[in-house]
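Residue numbers (our numbering): 1 to 282. Every residue, glycine too, gets a C-beta built ideally from N, C-alpha and C.
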Amino acid sequence: YAEAISDAYNGSSNSVAYEGDLGYQLSLVARMVKGNLGTKLYLVSIAGFDTHAEQEDLHPILMNEVATQVKAFFDDLGAGGRAQDVLCMTVSEFGRRLDENASGGTDHGAAAPMLLFGPGLNGNGFVGAHPSLTDLDEAENLIHTTDFRQVYATVLENWLCLDPAEVDEVLGNSFNRLDLGLDCIATSTSSPAPGSRLKAEIRYQNDGSIAIQYYLPDAGNVQLQVLDMMGRPVETLASGYQLFGNHQAVFRPSRRLPASGMYVALLRMGSQAVSEKFAIVR
């Protein structure tokens, strides 16, 4: 995939100045997005939030870095007309307790805030109920009022456009979705307008086949391939001239008997390319 990543990077540029390590990571993501790499998820990280000591001094500095660099990121995306396509969400494997420890910090806890950024959200503000600062659990943890899996379920279904039943299966249960104002464009009933970007979407069929639905913004020569995670071709599903609009190709794993694992549907048309991952489980 090095060539596709290089093409996306070299085919775009940053329109704003970034600072620090988080800013550098976000600047790379911005170029990948503006360069139409097609990846659905990017992960960036910032260290320092494990504030066991000197939290009063360190925490504002960290929050300022997040705020300024996320703003720069969306300003950059906005300059390329892609801000509306991107949602940022913070994740962590632990929260903090309320009580200050002997080092001027707080220790690991069971509850934490999650932050979401992006113009696709329904305005600004707090979602859910504030946790009690006095009614704690037996381990002195805050008692959460919103399950993090509600946030995951909402983003998976309403932003990444996964089927609701698949979301519930992945998360192990059904969790109430939150009203975040997100719009799943890929499952919209309206047809994309000619001149928009190349798009592709994976649909798992009841017979075990994989339907790859894709949209061509213009007529032209198209190649649709299934690749393994090493980039090796498994099967070519389409190759040749096609008219603009919506199309579908079906991959039937039984034909080539690929092993269980992750695979990639790669759609190319001219200088554009988009890829979608899917799983085969046997």
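Compute the Euclidean distance between the alpha carbons of residue i and residue j, then round it to the nearest angstrom.
i: T145; j: H130; result: 7 Å
i: L100; j: G120; result: Correcting the residue type first, residue 100 is Glu in the shown sequence and not Leu. In a straight line, the C-alpha of E100 is about 37 Å away from that of G120.
i: G104; j: A139; result: 20 Å
i: R326; j: E201; result: Outside the displayed range of the chain (1 to 282) lies residue 326, so it cannot be described from this structure.
i: N176; j: R203; result: 23 Å
i: L266; j: L224; result: 6 Å
i: V281; j: A72; result: 41 Å
i: M89; j: A153; result: 13 Å
i: E286; j: G125; result: As shown, the chain starts at 1 and ends at 282. That puts residue 286 outside it, with no answer to give.
i: G109; j: V91; result: 14 Å
i: S254; j: T236; result: 15 Å
Quick one: grab the DSSP three-state call for residue i.
i: T154; result: helix
i: Q287; result: Since the displayed the chain opens at 1 and closes at 282, residue 287 lies outside it and no answer follows.
i: L115; result: coil
i: M230; result: coil
i: G23; result: helix
i: F13; result: The amino acid occupying residue 13 in the given sequence is Ser; Phe does not appear at that position. Looking at S13 - three-state DSSP - the assignment turns out to be coil, as it is neither helix nor strand.
i: E235; result: strand
i: P192; result: Caution applies to P192, whose pLDDT of 40 falls short of 50 and renders its modelled position unreliable; the model cannot decide the point.
i: E276; result: strand
i: A265; result: strand
Residues bridged to residue i by DSSP?
i: G95; result: G109
i: H247; result: Y214
i: R203; result: A211
i: A53; result: G104
i: G346; result: Within the shown structure, residues of the chain are numbered from 1 to 282, placing residue 346 beyond reach of any answer.
Which same chain residues end up closer than 6 Å to residue i when comparing Cβ atoms and leaving out the 5 residues on each side of it in sequence?
i: N158; result: L182 and C184
i: G80; result: K34
i: V155; result: none
i: A8; result: M32, G35 and L37
i: D75; result: V16
i: S239; result: Q223
By Cβ distance, which residues of its chain are closer than 7 Å to residue i, with the 5 residues on each side in sequence left out?
i: R82; result: V33 and K34
i: L216; result: L198, V222, Q242, F244, G245, H247 and M269
i: D179; result: N122
i: G48; result: L58 and L62
i: V234; result: V226, L227, D228, R256, P258 and Y263
i: D163; result: none
i: A4; result: L37 and A273
Below 8 Å CB to CB, which residues in the same chain sit around residue i once its five sequence neighbours on both sides are set aside?
i: A111; result: G95, P131, N141, L142, I143 and H144
i: T39; result: M32 and S275
Item to complete: Could you pull out every unbroken beta strand (DSSP E) segment of at least 3 residues lying fully inside the segment 56-100, listed in chain order?
Response: none
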